[in-house]
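Q: One structure follows; several queries about it will come next.
Residue numbers (the working numbering): 719 to 793.
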């Protein structure tokens with residue numbers, strides 16, 4: 719279900735307040751880290767998973783290194 723929230727000032731930065739229902743659904747608490755990803759449809763929030771982030775970074779390195787080959791394979 720869509721939820722609205724406002725962007726607030728936090729010092730020189732900005733932040734949002736997540737309702738407790740969203741925190742419960744994400745299984746996170748105050749002080750936990752979350753992962754924010756940009757998608758073609760907007761932003762996507764997930765609980766931070768260090769192991770997954772390491773795999774994602776490795777995948778991105780491989781994709782950059784073999785960009786031309788991957789592009790040819792996609793044809």
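Positions of the beta carbon are idealized from the N, C-alpha and C atoms, including for glycine. Predicted, not measured: the structure shown is a model, and the values here were computed from it.
Measuring alpha carbon to alpha carbon, tell me which of 734, 729, 730 ends up nearest residue 723.
A: The shortest C-alpha separation from residue 723 is found at 734.
Q: With DSSP as the reference, label residue 756 as helix, strand or coil.
A: Strand at residue 756.
Q: On a CA-only basis, which of 743, 776, 793 is nearest residue 768? Give me that one, please.
A: The shortest Cα separation from residue 768 among 743, 776, 793 belongs to 776.
Q: Assuming residue 732 contacts residue 725 under a Cβ cut-off of 8 Å, what Cβ separation, rounded to an integer in Å, is found between them?
A: About 5 Å; that satisfies the 8 Å criterion.
Q: Measure the C-alpha to C-alpha separation of residue 750 and residue 762 and round it to an integer number of angstroms.
A: Using only the alpha carbons, I get a separation of about 16 Å.
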